[in-house]
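If you count the sequence shown from 1, position 172 lands on 172 in the UniProt record's numbering, and the numbers rise without skipping.
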Amino acid sequence: MEPLPGEWAFRDHLEAAGHVCILKDASDLENSSEIAKLIEAESLEAALALHLYRGGRLLRGHGIPFGIIFGGTDLNEDVNHGEKKEVMGKVLEEARFAVAFTESMKEMAQTQWKARQISWAVTCAAAGQPHARGKIYVQSQGIVTGPNSAFNWNTFLRQSGINQSADNLHIFLLVCGLRQVKDPLYLVDAFSEWHREEPNVYMVIVGPEVDPVFTREVGARVKRAAGVRLIREMPQGDLHAALKNCFAVVNSSVSEGMSAAILEAMDLEVPVLARNIPGNAAVVKHEVTGLLFSDPQEFVQLAKRLVSDPALEREIVANGREYVRARHSWQAERCTYQNLIRTLEGSIQD
1 MEPLPGEWAF
11 RDHLEAAGHV
21 CILKDASDLE
31 NSSEIAKLIE
41 AESLEAALAL
51 HLYRGGRLLR
61 GHGIPFGIIF
71 GGTDLNEDVN
81 HGEKKEVMGK
91 VLEEARFAVA
101 FTESMKEMAQ
111 TQWKARQISW
121 AVTCAAAGQP
131 HARGKIYVQS
141 QGIVTGPNSA
151 FNWNTFLRQS
161 GINQSADNLH
171 IFLLVCGLRQ
181 VKDPLYLVDA
191 FSEWHREEPN
201 VYMVIVGPEV
211 DPVFTREVGA
221 RVKRAAGVRL
231 IREMPQGDLH
241 AALKNCFAVV
251 NSSVSEGMSA
261 AILEAMDLEV
271 PVLARNIPGN
281 AAVVKHEVTG
291 LLFSDPQEFV
301 QLAKRLVSDP
311 ALEREIVANG
321 REYVRARHSW
331 QAERCTYQNL
341 IRTLEGSIQD
């Protein structure tokens, strides 16, 4: 089965339980009235929103039961805007359940909105069972990877404008949607300086064009940056194959809920270097499952250390894979969402 990113994975979980699911991007829906029309046209009985503000606000007041999944930006960024925070509090009050990827995200939400407690119990026999004290449940992202066996690494390098033998290269892959919160330009200058010292190191930024204006800014900066390349979004199987072939995966985000790219890299036995922010530190333990950096200069220092220390690379790769297998079960995630949706079915019957 082709591995499923984000929202598609949730839909796959629910369809496996016999539900009919319609997937909609909140950015394609201008207002709540469009949701009302969709609910009527498709005879929708329940909903699940990813991101408390962007998705959840559209579901209020329509009379169908819904749950929400915190995205990261909602808790890390949107809570600092008074109007958005107020709206999100009302969404959380109306939602039948909410899912956080980590215990710290749950605690943050409870602190922000003093989320009321409810009595539902969700049980799951699979490993990685969610905690369910009150309305907010904790369920880490489930990870499954499947590199495309037909993927050609040398072709990928040529398409990226890297015309050197793969045997002598160290490719650092930064996977992210091109928007400011992911901060893909954070390391560009420092990495370019390193590349001028060591021409066999490259950083390749891979991701979809989320913010067109910012994407143009990224493209312009990368064109002037030695040793840095930008390529378009890739099919999931090809991306996993590229992750498997690269030297290390990089995350430079300002804010993260839980980075799927980091977890996928761990599953594929690839080292991770991540910016030291709460969302990343929740899954990357420094010098155990990966390396955490606080500024571009520290990133370069740690990257050089990783290149020169194969024993460190082997250790964090082994620990990372063990961590993902123990804490990010695809089956546990499936069990959780199928059980939570049953609580919405109960609401419909009531």
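Here a beta-carbon is modelled for each residue, glycine too, at the ideal position from N, C-alpha and C.
Treat the numbers as computed from the prediction; the structure is a model and nothing was measured.
Which term fits residue i, buried or exposed, when burial requires 16 or more other beta carbons within 10 angstroms of its beta carbon?
i	result
A125	Model confidence at A125 stands at a pLDDT of 44, short of 50, so the residue's coordinates are unreliable and nothing is read from them.
Q139	buried
D267	buried
E345	exposed
Q110	buried
R334	buried
R275	buried
E34	exposed
N251	buried
E256	buried
K223	exposed
D74	buried
W113	buried
P65	buried
T155	exposed
G82	exposed
V284	buried
V91	buried
D78	buried
A41	exposed
Alpha carbon to alpha carbon, how far is residue j from residue i? Give it in angstroms, no decimals.
i	j	result
F191	P310	21 Å
I22	A36	14 Å
residue 389	T289	In the structure as shown, the chain begins at 1 and stops at 350. Residue 389 is therefore absent and cannot be evaluated.
R216	G207	13 Å
S287	R229	According to the sequence as given, residue 287 is Glu; it is not Ser. Answer to the nearest angstrom: the Cα atoms are 27 Å apart.
L38	L44	8 Å
L169	R325	29 Å
A282	N31	34 Å
Q159	D295	30 Å
A17	E298	47 Å
G56	E86	12 Å
K106	W153	40 Å
A220	E209	14 Å
H62	L29	15 Å
F10	L340	12 Å
K135	L52	14 Å
A46	A260	26 Å
S253	F293	11 Å
A26	N319	37 Å
G279	D167	34 Å
L48	S104	22 Å
E15	P235	22 Å
N80	R96	24 Å
R314	R232	30 Å
I118	P199	Because the pLDDT of I118 is 38, which lies under 50, any placement of that residue in the model is unreliable, and the number read from its coordinates should be weighed accordingly. Those two C-alpha atoms are separated by around 58 Å.
Leaving out the 5 sequence neighbours to the left and right, which residues in its chain are closer than 8 Å to residue i when beta-carbon positions are compared?
i	result
W194	V201, G227, V300, A303 and K304
V218	L178, P184, L185, I205 and L230
V188	M203, R221, V222, A225 and V228
H19	I341
Excluding the five sequence neighbours on either side, which residues of its own chain have a C-beta within less than 6 Å of the C-beta of residue i, listed in chain order?
i	result
A248	F172, P271 and L273
P147	H240, A241 and K244
W330	G142 and V144
V99	I69, Y137 and Q139
L291	L273 and L302
N76	S255
D238	N148 and F151
Per DSSP, which one or two residues make a beta bridge with residue i?
i	result
Y137	V99
R229	V204
V175	V206
H170	V201
F66	A47
For residue i, which residues of its own chain have a beta-carbon under 7 Å away from its beta-carbon, when the five flanking residues on both sides are left out?
i	result
T145	P3, H240, E264, D267 and L268
V307	H170
F214	L178, R179 and Q180
Problem set entry | Sequence ranges, beta strand (DSSP E) only - wholly within the segment 249-307, length at least 3 | 272-275 and 291-293
For this session: Mind listing, in chain order, the continuous alpha helix (DSSP H) runs of no fewer than 4 residues lying wholly within the segment 40-64?
Result: none
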